[in-house]
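Right, one structure below, let's go through it.
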Amino acid sequence: MNPSPEHLRYANRVLSYLQSTRYYAIEFSGSVDKATAVETGDDEVLQQSSDASFADDPETRRSTQGYLMKLFSGAIMWQSSKQKTVTTSTTEAELLSLSHTARETIALYRLFGQIQFDPEHQPRILCDNQQTVGLVQKERPQLTTKLRHVDIHNFWLRQIHRDGKITVQWVPTTDMPADGFTKPLSAEKHSHFVKQLGLVDISLRIDPEHVSEEDIDQEDMQISSDTD
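Just so we're aligned, residue 398 is where the sequence shown starts under the working numbering, counting upward by one.
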C-alpha cells in the first residue's frame, strides 16, 4: 500500500491525540462510591464487561468485539478485535464476545489463586444485550442458529454460569464500559468512556509549574475535536 495524503492526515491525527492525552494515567483506588456504582459493577474489586458491534465491517461483515477488566476501578486488561467468523445476528455476535471474555476472566481468577489474591466475589460480566443475558441465565434458552460453534459457546456459557464460575448482568449501553472498544464514539461519549476506563489527568500533580490551565483547556478541546 502506497502512503497518500489521507494516510498522513490520519497519522497526524493520531499523533495529535497522543500529544493531547500525554498526561492521562490509569488511577487505582481502594475505595468506591457504592451509592452510584452498584448498577455498573464498580462496587466490586474486579469488574468485567463484554460488548460487540454486529457486522460492522463492510468488507467482511465480521463483527467487532471488545472487553474491559478493571481492578480497583482501574483498567488492567482490555481488547478490541474482529471476530473470526461472520455471525447472523446481534445476539450471536454478543455470545461470541461474552464467551471470549468469560475465558479470559476464568484465566485471570486462576492467576489470582496462584498469587493468593481473593477478590471476595463471584466473577460478574456486564452485557448490554438482554437476549444474550437471557440465553445464559434461563432454564430453557431459545436460540435458533445454524452456526454450530455459536450454539456450543452458548451451552458452555450456560454450564459455567450454572457451576457458579461466572454470572452475567445486563446494563444499558450508556453504562457499558466496553462500548468504546467496538465502535467510534462522539466527543461526549468518548469523554464518558475515558472516565469508565479509570483515566485521570495528572498534569497538575506531576508538573504544576510548567502546565498551565490554558494548556489543559487546549488539550481538552483537542480531544473533543479528535473524537468528533
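Every residue gets a Cβ at the ideal spot worked out from N, C-alpha and C, and that includes glycine.
E489 is the residue among D525, E489, S447 and Q527 whose C-alpha sits nearest the C-alpha of H550.
In this structure, the straight-line span from the alpha carbon of L544 to that of Y506 is close to 30 Å.
Taking a C-beta distance under 8 Å as the contact criterion, L554 and V530 do not qualify as a contact pair. L412 has its alpha-carbon roughly 16 Å from the corresponding atom of P400. If you ignore the 5 residues before and after H518, its C-beta comes within less than 6 Å of the C-beta of E441, all in its own chain and listed in chain order.
Under the Cβ criterion (8 Å, minimum of three pairs), the stretch 575-593 does not count as touching the stretch 402-409. L415 places its beta carbon 8 Å or farther from that of P574. In the displayed model, V533 falls within a helix according to three-state DSSP. G510 sits exposed, since fewer than 16 C-beta atoms from the chains shown fall within 10 Å of its C-beta. The C-alpha of A504 lies about 32 Å from the C-alpha of Y420. Rounded to the nearest angstrom, the Cβ distance from I423 to G471 is 5 Å, consistent with a contact under 8 Å. For L412, the uninterrupted alpha helix (DSSP H) run begins and ends at P402 to S417, by DSSP.
Between A452 and S460, the gap from beta carbon to beta carbon is short of 8 Å. As the crow flies, the alpha-carbon of T579 is around 7 Å from that of D448.
For L601, the enclosing alpha helix (DSSP H) has its first and last residue at S600 to I603.
A distance below 8 Å between beta-carbons, with the five flanking residues on each side excluded, links I603 to the following residues of its chain, in chain order: Y420. Taking a C-beta distance under 8 Å as the contact criterion, L495 and V565 qualify as a contact pair. For the options E536, K467 and T482, the alpha carbon positioned closest to that of F425 is the one of K467. Note on geometry: alpha-carbon atoms of T498 and G595 lie some 19 Å from one another. Excluding its 5 nearest sequence neighbours in each direction, V597 has C-beta neighbours in its own chain below 6 Å: E424, listed in chain order. One alpha carbon belongs to F590, the other to L492, and they sit about 23 Å apart.
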